[in-house]
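Numbering (this note's numbering), first residue to last: 2 to 240.
For every residue, glycine included, the Cβ atom is placed at its ideal position computed from N, Cα and C.
Given below as structure tokens:
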């Protein structure tokens, strides 16, 4: 059994998770575990040891104080409890070297954790940006992404140009030194990253593949590859 931790949204005293994440993991052969809002290192470390992989999911904006900026006038809603939890959990999980798939906000959290910064309000802070919060249904593609040749995603999808959905208010401004940009929109916005350490599986995407899992081959391949790598690493550890 491959245990995959899923970070959840916290609002109105409820932990919430879009079922698309759950279903994508299940359909790809994994067992989803919704992560609790803990912050003490002992319990977080124990939890990190038990999981085989981590998916950082989408959600609210990130508090800019975590990357050394004051809040912009049009910063969106933030979730202090979630920010604190995800950064604390990454402090325990990241050093294990286990696979990480970071989606939308998850990509942004990962970049901030590793020392990068964000555009707090992409439509106003990034000149000439295309629409990054689509009006079409979630399972529809909204814009193209150009992938770096020989990157994890280009090799997995066997394509260097793909089409994705989009629902984000923030995005990467300064990319963390331990990450490599492997995908961008036509306006230059960073849409995909991987680890600069090629020995580890760490992929971040700015779109929502869980929302297109049933309609898009590349979305299915992304989750299936992630679960497959989690299985392979677990098998190697248990040999």
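Quiz item: Buried or exposed: which applies to residue 106, given that a residue is buried once 16 or more other Cβ atoms fall within 10 Å of its Cβ?
Solution: buried
Exercise. Could you name the residues of the same chain whose beta carbon sits closer than 7 angstroms to that of residue 4, not counting the 5 residues immediately before and after it, in chain order?
Key: 32, 34, 51, 52 and 53
Self-check item: Rounded straight-line distance, which links the Cα of residue 182 to that of residue 44
Solution: 33 angstroms
Self-check item: Own chain, CB closer than 7 angstroms to residue 130, minus 5 neighbours either side, in chain order
Solution: Excluding residues within five positions, the ones whose Cβ falls inside 7 angstroms are 123, 124, 188 and 190.
Self-check item: Collapsed DSSP secondary structure at residue 135 in the structure displayed
Solution: coil
Quiz item: When DSSP labels each residue in this structure, what does residue 94 get in the three-state scheme?
Solution: helix
Exercise. Can you tell me the Cβ-Cβ gap for residue 167 and residue 208, rounded? I've got them flagged as a contact below 8 angstroms.
Key: For a cut-off of 8 angstroms, the C-beta gap from residue 167 to residue 208 is around 6 angstroms, short enough to register as a contact.
Quiz item: Nearest to residue 89 by CA position, among 46, 70 and 112, is which residue?
Solution: 46
Quiz item: Got a sec? Which residues, its chain only, sit under 6 angstroms from residue 205 by beta carbon, not counting five neighbours each side?
Solution: 103, 108, 111 and 194
Exercise. Between the Cα of residue 97 and those of 17, 12, 69 and 55, spot the shortest distance and give me the residue it belongs to.
Key: 55
Quiz item: Are the beta-carbon atoms of residue 180 and residue 101 separated by less than 8 angstroms?
Solution: no
Quiz item: Cα separation between residue 95 and residue 57?
Solution: Distance between the alpha carbons of residue 95 and residue 57 is about 12 angstroms.
Exercise. Specify, as a first and last residue, the run of the alpha helix (DSSP H) that residue 199 falls within.
Key: It is not in any alpha helix (DSSP H) - residue 199 carries neither H nor E in the DSSP assignment.
Quiz item: In three-state terms, what does DSSP make of residue 104?
Solution: Here residue 104 carries a strand assignment [DSSP, helix/strand/coil].
Quiz item: For residue 118, which residues from the same chain have a beta carbon less than 6 angstroms from its beta carbon, with the 5 sequence-adjacent residues on both sides left out?
Solution: Here the set comprises 68, 174 and 175.
Quiz item: In terms of alpha-carbon separation, which member of 41, 171 and 164 lies closest to residue 85?
Solution: 41
Exercise. State yes or no: is the C-beta of residue 143 within less than 8 angstroms of the C-beta of residue 165?
Key: yes
Exercise. Return the bridge partner residues of residue 163 from the DSSP annotation.
Key: 146
Quiz item: So residue 184 is in the beta strand (DSSP E); what residue range does that whole segment cover?
Solution: 180 to 185
Practice problem: Tell me whether residue 71 sits in a helix, a strand or coil according to DSSP, three-state version. | Solution: coil
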